[in-house]
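*Asks:*
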Amino acid sequence: MAKLLTDWSIRDCKNIDIDLSVRRFKRYLEDKGFRPSTIDGYVGNLERYLRAIQTDRPSTSDIQRFRDILFEKHLARSTINNYSFAIAEFHKMIGDKESDIQQPFLSRDDQIPDFFTEEEVIRIFSVCRNLKHLAMLKTLFYGCLRASELCNLDEDDLDLNTLTIHVRSGKGGKDGIVHIQDDCGKVLKRYLEVKPSVTVNGRKPLFFSDHGRRWNRKNLHHMFARYKSLAGIEKRGGLHVFGRHSPATIMISKGCDIRIVQTILRHSDIRTTLRYAHVSESVKKEWYDRTLRLEI
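Counted the way this note's numbering counts, the sequence shown spans residues -13 to 282.
1. Could you round the C-beta distance between Val173 and Lys214 to whole angstroms and report it? I think they count as a contact, below 8 Å.
2. CB Ile110 to CB Ala217, shorter than 8 Å?
3. Do the segment 77 to 84 and the segment 36 to 50 make contact, defined as three or more Cβ pairs closer than 8 Å?
4. Is the CB-CB distance between Phe194 and Arg203 below 8 Å?
5. With a 10 Å radius around its C-beta and 16 neighbouring C-beta atoms as the bar for buried, classify Cys358 as buried or exposed.
6. Give me the Cα-Cα distance between Ser64 and His165, rounded to the nearest whole angstrom.
7. Suppose contacts are defined by Cβ-Cβ distances below 8 Å. Is Asp3 in contact with Asp42 by that definition?
8. By how many angstroms is the C-alpha of Ala133 removed from the C-alpha of Leu206?
9. Count the other C-beta atoms from every protein chain shown that fall within 10 angstroms of the C-beta of His284, then say buried if there are 16 or more, exposed otherwise.
10. If you scan the segment 4 to 69 from start to end, which runs of the alpha helix (DSSP H) of 4 or more residues do you find wholly inside it?
11. Which value, in whole angstroms, describes the spacing of the CA atoms of Asp196 and Lys118?
12. Note down the Cα distance separating Phe91 from Phe20, rounded to an integer number of angstroms.
13. Rounded to whole angstroms, what is the Cα-Cα separation between Ala211 and Arg252?
This is the structure in structure tokens:
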């Protein structure tokens, strides 16, 4: 009798198991009431963790092994902290003791944040020939918004009469009112004149994809990277640098009080805002000469 050509080898099922663990983790975070933007970030970090250590059932010793990998990549402290938060939640889900999974929180360094200059921001706007994308970029910049906040905006959050936007459930779950410039308002007015009415999960998003879905941060990052490249800007910096670091830096460099910038960016701690007080030496000298002068 001829030999049956059957492959009895045990196949690697790690990817399937990892995908299953990631889905379970997402449901776990949803049940705990985490915000959608936080869930997206945690799920992505968890998947990279499991694939790096190549198991869907990591031990607590794997946590430090993965942190060592992150340190070797010279990632920002805030990025490593975000990975640690996600990993800790996953190990809680699978029943590990909290005392065995907590990693030391890395304090923020004092490194000057990346930012785009006023000229670079104008270049990014100028190469954007898509009305919807331009409206999104200007809303992000002038509203000093986080990417997740822009994606979460609905039509009724925008008030063009007062040039304000209601930001719902931003970082830390705080609502707020942000201002936009008239230049941004004019672009949004043109955008609304051609924008079709689309409903997603019972809400009318201000910005949605051509497939009728609400934008997410990943697609938004890809869109921004394309216009940044078209503008010929090679320096570091993505959406957060564009929508948060850059407007804060520009305002402070033009003399805006740090406490005003704190309220505009909706920072609860002034120390967070102080990171942006890194104006150039020429601007420092100009304000020094203008203000510390005794009239004799």
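Even for Gly, the Cβ is constructed at its ideal location relative to N, Cα and C. None of these values were measured; they are calculated from a predicted model.
*Replies:* With the structure as the only source:
1. Numbered from its first residue, the sequence shown carries residue 173 at position 187. Numbered from its first residue, the sequence shown carries residue 214 at position 228. Contact flag wrong, Cβ pair sits at about 19 Å.
2. By 1-based counting over the sequence shown, the position of residue 110 is 124. By 1-based counting over the sequence shown, the position of residue 217 is 231. Taking 8 Å as the Cβ cut-off, Ile110 and Ala217 qualify as a contacting pair.
3. yes
4. Start at 1 with the first residue of the sequence shown, and residue 194 comes out as number 208. Start at 1 with the first residue of the sequence shown, and residue 203 comes out as number 217. Going by C-beta atoms, Phe194 is not nearer than 8 Å to Arg203.
5. Because the chain here runs from -13 to 282, residue 358 falls outside it and cannot be looked at.
6. Here residue 64 refers to the residue found at position 78 of the sequence shown. Here residue 165 refers to the residue found at position 179 of the sequence shown. Those two C-alpha atoms are separated by around 28 Å.
7. What you label residue 3 is simply residue 17 of the sequence shown in a count that begins at 1. What you label residue 42 is simply residue 56 of the sequence shown in a count that begins at 1. Against a cut-off of 8 Å, the Cβ pair of Asp42 and Asp3 comes out as a contact.
8. Residue mapping note: residue 206 aligns to position 220 of the sequence shown, counting from 1. Residue mapping note: residue 133 aligns to position 147 of the sequence shown, counting from 1. Cα to Cα, the separation comes out at about 7 Å.
9. Outside the shown range of the chain (-13 to 282) lies residue 284, about which nothing can therefore be said.
10. 22 to 39 and 46 to 58
11. Start at 1 with the first residue of the sequence shown, and residue 196 comes out as number 210. Start at 1 with the first residue of the sequence shown, and residue 118 comes out as number 132. So the two alpha carbons sit approximately 10 Å from each other.
12. For the purposes of this step, residue 91 is taken as the residue at position 105 of the sequence shown. For the purposes of this step, residue 20 is taken as the residue at position 34 of the sequence shown. Roughly 20 Å separates the two Cα atoms.
13. Position 225 of the sequence shown, counting from 1, holds the residue named residue 211. Position 266 of the sequence shown, counting from 1, holds the residue named residue 252. Computed Cα separation, rounded: 26 Å.
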